[in-house]
Each structure stands twice: as structure tokens, then as C-alpha cells.
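Undergrad:
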Amino acid sequence: IDPSSIKYTIKITNYSFANPLSTLEVIMMASIESLSNSTKKCSMLSKGNTTTENLNFLKLQVDDKSLYGSFVQRGVKDYDETVPVLNRFSNDAISGSSLPELNCSPTKTHSYISIMLPQFRETITIDPTFSVLVDYNDPSSSDQSVCSFLKQKEIEKTLRFIIGIIVGFFFLLLILLILIKSIMNNTRFIKVKIFLLHIKYLFIYYTYYKSYELEEF
1 IDPSSIKYTI KITNYSFANP LSTLEVIMMA SIESLSNSTK KCSMLSKGNT
51 TTENLNFLKL QVDDKSLYGS FVQRGVKDYD ETVPVLNRFS NDAISGSSLP
101 ELNCSPTKTH SYISIMLPQF RETITIDPTF SVLVDYNDPS SSDQSVCSFL
151 KQKEIEKTLR FIIGIIVGFF FLLLILLILI KSIMNNTRFI KVKIFLLHIK
201 YLFIYYTYYK SYELEEF
């Protein structure tokens, strides 16, 4: 056993199975919580599997403290027979149980561990190990972490989004200016513009002529 570790021995005896095909599910909950008054807190949960289904280890971290759980894939039943054990991780409510769904926060993270045991006649024993460690990996660098502050990756993502909007706006404005300039330089547009100027000058002349007639009268 490693230093600063706690090894649990779970021994179940004389369990009555419903039928010869039944198995037994043992559910554990691992949890770590920080009581520090710091306003900047961050928690993270990570796991490792030896196969796609069988959980090998589970790490719960709050800031620089971690609770590390190691789960063996075997147990001992009826005193001398080694049997395979299936360990599964879940943060959701376990199907068919009254256990609530777990919600992680910046100061606390937790998880259910479901241990599937085969059928036995008299007894079965399993022994998961938990260790409390000082972790030098910053949890805020992970996309899976839950933090009380805006993470560096989120800040960079927000800045990229804002810069993208600004660049897109100026690019669109440039296209509009080029389009307007090309329209103004178009021969047909020039003819329309000259026609509008003629109308304008006729209106000015007509207004001036009418006012001159009224003055003479």
C-alpha cells in the first residue's frame, strides 16, 4: 500500500441471490471538498479504464489536492477463488436505486463507483484503495473542470470570438465600400446621376423664374 493511502476491505457474506443468474452491485461514493475561503476555486474529475467498461482508477481534484481511487479488477470469493470484478463510474443517479444525481461545484467533486460482483456461495471480498495526494497539475487547464472564475481557455475563446466579429465587420465594410465605388464608377450610374442633376437644375430654374415673375408683377 502506498503512503497516505487508505485501503478498504469490503467483505460480504451469506447474501441471498434471487436466482442462479443474479449478480450483486455494490455502490460506493468518493468525494473531496475544499473548506478554504479562497474565491478562486476549481475542481475536476478524471478516470482511467483498462477496457472500455472496466474502471481502473478515479481521480477527484479540488485545486492542488486530489483523492485518487484505485480499483482492482478481481475479488476473492468463497475464501480461495479469484474472480473478475467489473468497476464502473457514474455521476448520474444509479438506475434502480434511490441515490440522487451528483452535481459537482468549484469547491466539491464526487462520483459513484459501481462494483459488479459475481454470484458466490458464502463470501466475497474486494479491497479498493484511496490516496490523498498533492497535485501540481492545474485543474483549470482542463475542459472538464468546474471553476469559480473564467478559465484561461474560456478567456482566449471569448477574445477569439470578439476579434472574429471585429475582423468580419471591417471585412464586410470594405466589401460594401468597394461595391459602392464600383457602382458609382459604372457608366449607367453616371448617366442616371447626370439625369438627376438635370432635374435638380430645372427645379431650381423653375423656382427662380416663378419668383422673378411674382416680383415683377
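Going left to right, the sequence shown walks through residues 1 to 217 as UniProt numbering numbers them. Note that CB positions come from ideal geometry on N, CA and C, so glycine has one too. In this text, all values refer to a predicted model and were calculated from it rather than measured experimentally.
1. List the residues that DSSP assigns as beta-bridge partners of Val83.
2. My output table needs one value for Glu216: the three-state DSSP class, helix, strand or coil.
3. Measure the CB-CB distance between Ser114 and Ile27 and report whether it falls below 8 Å.
4. Could you spell out where the beta strand (DSSP E) holding Lys41 opens and where it closes?
5. DSSP three-state label for Leu21, please.
6. Comparing the C-beta of Ser111 with each C-beta of chain B, is any distance below 8 Å?
7. Got a sec? Which residues, its chain only, sit under 6 Å from Lys59 by beta carbon, not counting five neighbours each side?
8. Based on DSSP bridge pairs, tell me the residues matched to Phe89.
9. Relative to the C-alpha of Tyr8, which candidate in Pro20, Phe71, Met44 has its C-alpha closest?
10. With a threshold of 8 Å on Cβ separation, who are the neighbours of Thr82 within its own chain once the five nearest residues in sequence on each side are excluded?
11. Drop a sphere of 10 angstroms on the beta-carbon of Ile165, count the other beta-carbons inside from all chains shown, and report buried for 16 or more, exposed for fewer.
12. Measure the C-alpha to C-alpha separation of Thr107 and Ile178 and round it to an integer number of angstroms.
TA: On the basis of the coordinates in this document:
1. Position 83 of the sequence shown, counting from 1, holds the residue named residue 83. Looking at the DSSP assignment, Val83 forms a beta bridge with Gly75.
2. Counting from 1 along the sequence shown, the entry for residue 216 is found at position 216. Annotation note: pLDDT 49 at Glu216 (below 50); position unreliable, no value reported.
3. Here residue 114 corresponds to residue number 114 of the sequence shown, with the count starting at 1. Here residue 27 corresponds to residue number 27 of the sequence shown, with the count starting at 1. It is a contact, given that the beta carbons lie within the stated cut-off.
4. For the purposes of this step, residue 41 is taken as the residue at position 41 of the sequence shown. Neither: Lys41 is in no beta strand (DSSP E) and is coded neither H nor E.
5. The sequence position of residue 21 within the sequence shown is 21, counting from 1. Secondary structure of Leu21 (DSSP, three-state): coil.
6. Absent from the structure is chain B; it holds one protein chain and no more.
7. Sequence index remark: in the sequence shown, residue 59 carries index 59 (1-based). For Lys59, where only same-chain residues beyond five positions count, the Cβ hits under 6 Å are Ser46, Ser66, Tyr68.
8. On the sequence shown, position 89 is the one that residue 89 refers to. BP columns for Phe89 point to Ile113.
9. Indexing the sequence shown from 1 puts residue 8 at position 8. Measuring from the Cα of Tyr8, the nearest candidate turns out to be Phe71.
10. In the sequence shown, residue 82 corresponds to position 82, counting from 1. The residues are Arg74, Gly75, Val76.
11. Start at 1 with the first residue of the sequence shown, and residue 165 comes out as number 165. The residue is exposed, with fewer than 16 neighbouring Cβ atoms inside 10 Å.
12. As a first step, residue 107 is located in the sequence shown; it is residue number 107 there, counting from the start. As a first step, residue 178 is located in the sequence shown; it is residue number 178 there, counting from the start. About 55 Å.
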